[in-house]
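These notes are about the structure you will find just below.
Protein chains: 2
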Amino acid sequence: MESLSATTSGRSPARYAIGELCEAFGVTARALRFYEDEQLIAPERRGTSRFYSDRDRARLSWILRGKRVGFSLGEIRELLDLYDVGDQRETQRRVTIERCQQRIDALRRQQHDIDTTIGELEVFLATLARPAERLGIDRKASNEDQGSNY
Amino acid sequence: MESLSATTSGRSPARYAIGELCEAFGVTARALRFYEDEQLIAPERRGTSRFYSDRDRARLSWILRGKRVGFSLGEIRELLDLYDVGDQRETQRRVTIERCQQRIDALRRQQHDIDTTIGELEVFLATLARPAERLGIDRKASNEDQGSNY
DNA sequence: TGCTGACTTGACGTTTACGGAAACGTAAAG
DNA sequence: CTTTACGTTTCCGTAAACGTCAAGTCAGCA
Numbered sequence: 026m027e028s029l030s031a032t033t034s035g036r037s038p039a040r041y042a043i044g045e046l047c048e049a050f051g052v053t054a055r056a057l058r059f060y061e062d063e064q065l066i067a068p069e070r071r072g073t074s075r076f077y078s079d080r081d082r083a084r085l086s087w088i089l090r091g092k093r094v095g096f097s098l099g100e101i102r103e104l105l106d107l108y109d110v111g112d113q114r115e116t117q118r119r120v121t122i123e124r125c126q127q128r129i130d131a132l133r134r135q136q137h138d139i140d141t142t143i144g145e146l147e148v149f150l151a152t153l154a155r156p157a158e159r160l161g162i163d164r165k166a167s168n169e170d171q172g173s174n175y
Numbered sequence: 026m027e028s029l030s031a032t033t034s035g036r037s038p039a040r041y042a043i044g045e046l047c048e049a050f051g052v053t054a055r056a057l058r059f060y061e062d063e064q065l066i067a068p069e070r071r072g073t074s075r076f077y078s079d080r081d082r083a084r085l086s087w088i089l090r091g092k093r094v095g096f097s098l099g100e101i102r103e104l105l106d107l108y109d110v111g112d113q114r115e116t117q118r119r120v121t122i123e124r125c126q127q128r129i130d131a132l133r134r135q136q137h138d139i140d141t142t143i144g145e146l147e148v149f150l151a152t153l154a155r156p157a158e159r160l161g162i163d164r165k166a167s168n169e170d171q172g173s174n175y
């Protein structure tokens, strides 16, 4: 059973073995099983083996990006669940929308934080380039610390 | 001793008590002491008490932003140490520059990740706005997962 | 048939970033 | 002098996100 995706000799309903996904995404099998325990993905189970679909692949992609962006696995699960639920009875929908908005706002703040950090690192790099000055992170103890993410 | 910053009745060499900093930055004293244990800040110690300078304030600001941006405390310490060292013997300097560049690159990738995530969340919000469709995260299992941060 | 390699399920260990509580010190206010 | 507020150290606990064995299963093949 060389490659699962090869056995399915052509089109879409591809299945991947756990090792293939690990390879493809650079994660360990342990991690994938952990995500499964935590209800983030649910690959098909034939007996004891796992078979991942393209949907699982996409989910994994979301999970990993979510992590890089600072979401906890719990939050990621919630978001994925939202996607799955999709619509719902009015009230549920409003909550969902609100939570999404909050996430987006948080991400925007994070963008700003990253901008600032990159900026400071670049300034620092500049001082390194011409080694003639002393530096001070401590100009005026800038009070711009509103908007604490998360 | 109402407020330390008030006793220093005017200019720069202000000192802050731990409680003031907590208040100002929305962190617990426990956290500040922890950062001290971890060598991230080193407030003046008169006897057993702590007195924070503007420099400490600025450092704290950096620490908190660094955290929001995804640095670990260890990484933050390294970066702060770099700032302190400033220049150095040529070889050390090159390493420093390199590490900075890497951090900046990682942050740029993170920016991109966040852009993508915001985008997806907004698309999702749109589908929520007009509740008439089914959605699929799983269009084509987009393979755009290169550039794994950190 | 026996080996190899990939996979499986537990179960316990680890790191990070603090939180919480005990037990005590100090200092200004009433 | 006692209260109240704030601060200190020390130690133990925890949640998240896996890593790391151990021990066993199963398919393919020489």
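The listed protein sequences correspond, in order, to chains A and B. Per our numbering, the first sequence starts with residue 26, numbered consecutively. Per our numbering, the second sequence starts with residue 26, numbered consecutively. The C-beta atom is built at its ideal place from N, Cα and C for all residues, glycine as well.
For residue i, is the classification buried or exposed, using 16 other Cβ atoms within 10 angstroms of its Cβ as the cut-off for buried?
i, result
"Ser-86(A)", "buried"
"Ala-131(B)", "buried"
"Val-120(A)", "exposed"
"Val-138(B)", "According to the sequence displayed, residue 138(B) carries Asp and not Val. Buried, because 16 or more other Cβ atoms sit within 10 Å of the Cβ of Asp-138(B)."
"Asp-81(A)", "buried"
"Ser-74(B)", "exposed"
In angstroms, rounded to a whole number, what distance separates the CA positions of residue i and residue j?
i, j, result
"Arg-70(B)", "Phe-76(B)", "6 Å"
"Leu-9(A)", "Leu-65(A)", "No information on residue 9(A) is available, as it lies outside the stretch 26 to 175 that chain A covers here."
"Leu-46(B)", "Cys-125(B)", "29 Å"
"Val-52(A)", "Leu-98(B)", "24 Å"
"Gly-91(B)", "Arg-90(A)", "19 Å"
"Ile-101(A)", "Leu-57(B)", "30 Å"
"Glu-147(A)", "Thr-116(B)", "19 Å"
"Arg-128(B)", "Tyr-108(B)", "14 Å"
"Arg-134(A)", "Glu-145(A)", "17 Å"
"Glu-63(B)", "Ala-151(B)", "45 Å"
"Glu-103(A)", "Arg-55(A)", "22 Å"
"Gly-72(B)", "Arg-118(A)", "57 Å"
With distances taken from CA atoms, which of the options is nearest residue i?
i, options, result
"Glu-123(A)", "Ile-43(B), Tyr-108(B), Phe-149(B) and Thr-141(B)", "Phe-149(B)"
"Phe-96(B)", "Asp-62(A), Ala-56(A), Thr-116(A) and Ile-143(A)", "Ile-143(A)"
"Val-94(A)", "Arg-118(B), Asp-140(B) and Ala-151(B)", "Asp-140(B)"
"Ala-177(A)", "Ala-151(A), Leu-105(A) and Gln-135(A)", "As displayed, chain A neither begins before 26 nor continues past 175, which places residue 177(A) out of reach and without an answer."
"Arg-40(B)", "Gln-135(B), Arg-118(B), Ala-83(B) and Glu-103(B)", "Ala-83(B)"
"Asp-79(B)", "Ala-49(B), Glu-145(B) and Glu-103(B)", "Ala-49(B)"
Rounded C-beta distance between residue i and residue j? I'm assuming under 8 Å.
i, j, result
"Tyr-60(A)", "Ile-88(A)", "6 Å"
Say yes only if the C-beta of residue i is nearer than 7 Å to one or more non-hydrogen atoms of the ligand SAH, and no if none qualify.
i, result
"Leu-89(B)", "Within the structure as shown, the ligand SAH is missing, as the structure has no ligands at all."
Going along the chain, which residues of the segment 122-138 of chain A sit with their C-beta nearer than 9 Å to a C-beta in chain B? Ile-122, Cys-125, Gln-126, Arg-128, Ile-129, Leu-132, Arg-133, Arg-134, Gln-135, Gln-136 and Asp-138
Along the segment 33-62 of chain A, what residues have a CB closer than 7 Å to any CB found in chain B? Phe-50 and Gly-51
Taking a Cβ distance cut-off of 7 Å, strictly less, list which residues of the segment 62-84 of chain A are near chain B, in chain order. Asp-79, Arg-80, Arg-82, Ala-83 and Arg-84
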